[in-house]
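Top line first, the protein sequences correspond to chains A and B. Everything in the first sequence is counted per this note's numbering, starting at 17 for the first residue and increasing by one. Everything in the second sequence is counted per this note's numbering, starting at 17 for the first residue and increasing by one. Glycine included, C-beta positions come from ideal geometry on N, C-alpha and C. Reading through the C-alpha cells given below for one structure.
2 protein chains.
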Amino acid sequence: MDYYYEKLFDYVAEILALPEQDKAICRRLFIPEFVPGNTLLEEAGKVPRYHNFIVSGYMRNFHLDADGNEITNDLNNGSRFFTSYFHFMNRTVSDEYLHCITDCHLLRISRDDVEAGAREGSTQEAYTIKILNNQLALNKQRALDMANLTAEERYEKFARQNPGILMNVPLQYIASYLGITPRHLSRIRKSGSSSF
Amino acid sequence: MDYYYEKLFDYVAEILALPEQDKAICRRLFIPEFVPGNTLLEEAGKVPRYHNFIVSGYMRNFHLDADGNEITNDLNNGSRFFTSYFHFMNRTVSDEYLHCITDCHLLRISRDDVEAGAREGSTQEAYTIKILNNQLALNKQRALDMANLTAEERYEKFARQNPGILMNVPLQYIASYLGITPRHLSRIRKSGSSSF
DNA sequence: ATCCGAAATAGACATTTGTCTAAAAATCAG
DNA sequence: CTGATTTTTAGACAAATGTCTATTTCGGAT
Numbered sequence: 017m018d019y020y021y022e023k024l025f026d027y028v029a030e031i032l033a034l035p036e037q038d039k040a041i042c043r044r045l046f047i048p049e050f051v052p053g054n055t056l057l058e059e060a061g062k063v064p065r066y067h068n069f070i071v072s073g074y075m076r077n078f079h080l081d082a083d084g085n086e087i088t089n090d091l092n093n094g095s096r097f098f099t100s101y102f103h104f105m106n107r108t109v110s111d112e113y114l115h116c117i118t119d120c121h122l123l124r125i126s127r128d129d130v131e132a133g134a135r136e137g138s139t140q141e142a143y144t145i146k147i148l149n150n151q152l153a154l155n156k157q158r159a160l161d162m163a164n165l166t167a168e169e170r171y172e173k174f175a176r177q178n179p180g181i182l183m184n185v186p187l188q189y190i191a192s193y194l195g196i197t198p199r200h201l202s203r204i205r206k207s208g209s210s211s212f
Numbered sequence: 017m018d019y020y021y022e023k024l025f026d027y028v029a030e031i032l033a034l035p036e037q038d039k040a041i042c043r044r045l046f047i048p049e050f051v052p053g054n055t056l057l058e059e060a061g062k063v064p065r066y067h068n069f070i071v072s073g074y075m076r077n078f079h080l081d082a083d084g085n086e087i088t089n090d091l092n093n094g095s096r097f098f099t100s101y102f103h104f105m106n107r108t109v110s111d112e113y114l115h116c117i118t119d120c121h122l123l124r125i126s127r128d129d130v131e132a133g134a135r136e137g138s139t140q141e142a143y144t145i146k147i148l149n150n151q152l153a154l155n156k157q158r159a160l161d162m163a164n165l166t167a168e169e170r171y172e173k174f175a176r177q178n179p180g181i182l183m184n185v186p187l188q189y190i191a192s193y194l195g196i197t198p199r200h201l202s203r204i205r206k207s208g209s210s211s212f
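Following this line, the structure appears as C-alpha cells:
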C-alpha cells in the first residue's frame, strides 16, 4: 500500500518539495481504494465527495448535452489528480460524471479532510496555486488546439502525447474528447500516419 | 484617479472581501496608466513585466502561429485582469503579445511588487486560488464550446455574452478567437439572427 | 471634403466533417 | 466455446467551413 503514496509523492515532487511533516498528513488523510473497471465514481446532480489521485488506471470525466449524449470533458494519461474540482472545492452540485473506465487504484480525500490538511500542513496553498496555474496553461492550449488545428492534427497530437490512452480507452470517448464523431475518427485513423 | 481603484476594488469584491489594509497596499503598488489605442503592451520573446488590470478599454492577447499569422488567444469584455499570467508568474519568456486595441485605462503592478504585496497583505493567496479556479472553469467551458458547438453557435453565444466587444473590436480578431476565418464569420453574420 | 489603406463582404469552388445506415470486428457473460 | 452486446469501420450523401480572389465599405490622415 506504500506504493500508492510513493506514486502521489513522486507526482507532487514535480511541482513542489513536500516536507516530511506534510507527507505524514497525506498518509493519514488520503484513503487508498481499489475501483473495478466501468464504475461511476461521482454523478451529476450531486456534490462531489472526493478529491481523487489516480495511482493507476484510466478515468473519464463526462457530462450530458441537451440531447443526452455523453460529452467527454477529460481523460487521464497516467498518474494525476482527477476530480470535478470546481464543484468539489465550492461544495456545489456538479454536472459531471467521473467514470473509471479500467480497474483503478486511487487515493481519495474528502472535502473536510482537505481543509484539515490545509490547517495542519504548510504547503497546500502554494501547491494549489501552482497546480491550478499548470492546469490553466494546459487548458488554454487545449482550447487553442480546438480552435486552430484540424481534426486530424488534433488526433495525431493526442496519439503522440497519450499512447497509453489510445490502447486502453474506447475510441468513441477519444472522439468525443477531440470534438469529432466516431465516424470521422475512423476515417482519420485509416488514412493517418500514426502507428497505433 | 480614485476611479481607477474603485473599479479594481469593485472587481475584487465579487470574489473576496478585501480588508482596508490590503486596499491601501493596492493603492500603493498598482500604478495608473493611460495607453492609447493600437499599442503593444507586451511582446513575445520577452518576460512579461506587468500584471494589468483593465479599468476601461479593449485588449487582445495573441500569438503567431508557424506561418506567422496572428492567433487571438483572449479578448476582454469590461474590467478584469489581462496578463500573460503563466510567464509573468514564472518570470519566463512569453510567446504572447498584449495589444491595446482601443484607448485603455490600466492599473499595473510589477512582478516584484506582486511579491511585496503578498508578504505585506493577508488575502493575496486566497484571492489567487479563487481567481485561478474561476479562470480554469471559464477556460474549460471555452474548450468544450470549441469542441461541441458549430461556428454559428459559438458566434451567437459570443455575441450574446460580449456585445461590447462586438462593437469595439475588429471582426477579424473575433473570428480568430472563435477559430474560424473572417470569410466564414461574414457568412454567419449575414444569415444570423443576431441584431448586431 | 478627399484620399488611402485597412476591414468587411462576397462569389465560386474545394475540402473537411457530419449524418444515416449497415456490416464487420471485438468483447463479454454464461 | 458460443451467442449477445458493444465497438469500430465504412459507403453514400449532405452540410459546414476553408481558400482564393475581388469588390465594397469604413475610418483616419491630410
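CB contact below 8 Å: residue i versus chain B
i                      : result
residue 195 of chain A : yes
residue 153 of chain A : yes
residue 118 of chain A : no
residue 29 of chain A  : no
residue 102 of chain A : yes
residue 7 of chain A   : In the structure as shown, chain A begins at 17 and stops at 212. Residue 7 of chain A is therefore absent and cannot be evaluated.
residue 108 of chain A : no
residue 125 of chain A : no
Identified DSSP bridge partners for residue i
i                      : result
residue 116 of chain B : B:55 and B:75
residue 67 of chain A  : A:125
residue 88 of chain A  : A:78
residue 50 of chain B  : B:121
residue 107 of chain B : None, per the DSSP bridge assignment.
residue 43 of chain B  : Answer is none; residue 43 of chain B lacks a bridge partner.
residue 97 of chain A  : A:69
8 Å contact criterion, which residue i and residue j should meet: CB distance rounded
i                      : j                      : result
residue 69 of chain A  : residue 97 of chain A  : 5 Å
residue 60 of chain A  : residue 155 of chain B : About 20 Å separates the two Cβ atoms, so there is no contact after all.
residue 185 of chain A : residue 117 of chain A : 6 Å
residue 42 of chain A  : residue 24 of chain A  : 7 Å
residue 45 of chain A  : residue 133 of chain A : 5 Å
residue 102 of chain A : residue 149 of chain B : 6 Å
Own chain, CB closer than 8 Å to residue i, minus 5 neighbours either side, in chain order
i                      : result
residue 14 of chain B  : A query on residue 14 of chain B cannot be resolved here, the shown segment of chain B reaching from 17 to 212 and no further.
residue 142 of chain B : 32
residue 36 of chain B  : none
residue 191 of chain B : 197, 198, 200 and 201
residue 162 of chain B : 170 and 195
residue 107 of chain A : 63 and 127
Within-8 Å CB hit, residue i to chain A
i                      : result
residue 105 of chain B : yes
residue 173 of chain B : no
residue 82 of chain B  : no
residue 89 of chain B  : yes
residue 141 of chain B : yes
residue 158 of chain B : yes
residue 54 of chain B  : no
residue 32 of chain B  : no
residue 163 of chain B : yes
residue 149 of chain B : yes
residue 144 of chain B : yes
Cut-off 7 Å between Cβ atoms - residues of its own chain near residue i, not counting five sequence neighbours on either side
i                      : result
residue 18 of chain A  : none
residue 187 of chain A : 198 and 201
residue 122 of chain B : 49, 51, 68, 69, 70 and 71
residue 204 of chain A : 167, 168 and 171
residue 73 of chain A  : 116, 118, 119, 120 and 121
With 16 other Cβ atoms within 10 Å as the buried cut-off, status of residue i
i                      : result
residue 75 of chain B  : buried
residue 28 of chain A  : buried
residue 168 of chain A : buried
residue 125 of chain B : buried
residue 177 of chain B : exposed
residue 110 of chain B : buried
residue 82 of chain A  : exposed
residue 137 of chain B : buried
residue 22 of chain A  : exposed
residue 194 of chain A : buried
residue 80 of chain A  : exposed
Cut-off 6 Å between Cβ atoms - residues of its own chain near residue i, not counting five sequence neighbours on either side
i                      : result
residue 207 of chain A : none
residue 181 of chain B : 91 and 93
residue 212 of chain A : For residue 212 of chain A, the predicted structure reports a pLDDT of 49, less than 50, and the residue's modelled location is therefore unreliable. A value from the coordinates is still provided. These residues qualify, in order along the chain: 175 and 182.
residue 144 of chain B : none
residue 151 of chain B : none
residue 99 of chain B  : 67 and 68
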